[in-house]
Amino acid sequence: MPRVTLKAGPAPDGHEEELSEYLCDWPDCPNIATQVLGCVRELGLSAVVCDLHANGRPERSVDGSDATP
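So this is what it looks like as structure tokens:
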């Protein structure tokens with residue numbers, strides 16, 4: 025699961041602000057992940073997806089490509 029971190033310049037109080045989000049694990053999906061499908065704590069692994077893929081759409085075809093564009 026890719027993690028994206030955006031950093032803003034220093035605020036007047038001297039602290040730098042950061043915004044971190046995880047991207048959907050679905051291949052070629054640029055959306056922010058909103059649902060955790062599962063995790064293996066011992067290995068530090070998890071599977072996360074966006075709302076579109078959490079609902080099971082689009083479905084995967086036999087050859088591994090998306091059924092819808």
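Numbering of the sequence shown is given in the numbering used here, commencing with residue 25 and proceeding in unit increments. Heads up, the beta-carbon is just placed ideally off N, CA and C, and yes, glycines get one too.
Whole angstroms is fine: what's the gap from Gly80's alpha carbon to Gly38's? Position 56 of the sequence shown, counted from the start, is the residue given in the question as residue 80. Position 14 of the sequence shown, counted from the start, is the residue given in the question as residue 38. Gly80 and Gly38: Cα-Cα distance of roughly 44 Å.
Assuming contact is defined by CB atoms lying nearer than 8 Å, are Ala57 and Cys48 in contact in what I supplied? Start at 1 with the first residue of the sequence shown, and residue 57 comes out as number 33. Start at 1 with the first residue of the sequence shown, and residue 48 comes out as number 24. Yes; because the gap between Cβ atoms is below 8 Å, this pair is in contact.
Suppose the cutoff is 6 Å on Cβ atoms and the five residues either side in sequence are ignored; what does the same chain contact list for Leu43 look like? One-based indexing of the sequence shown puts residue 43 at position 19. Answer for Leu43: Leu30, listed in chain order.
Simplified DSSP assignment, three categories, for Cys48: Taking the sequence shown and counting its residues from 1, one reaches residue 48 at position 24. Three-state DSSP puts Cys48 in coil, outside helix and strand.
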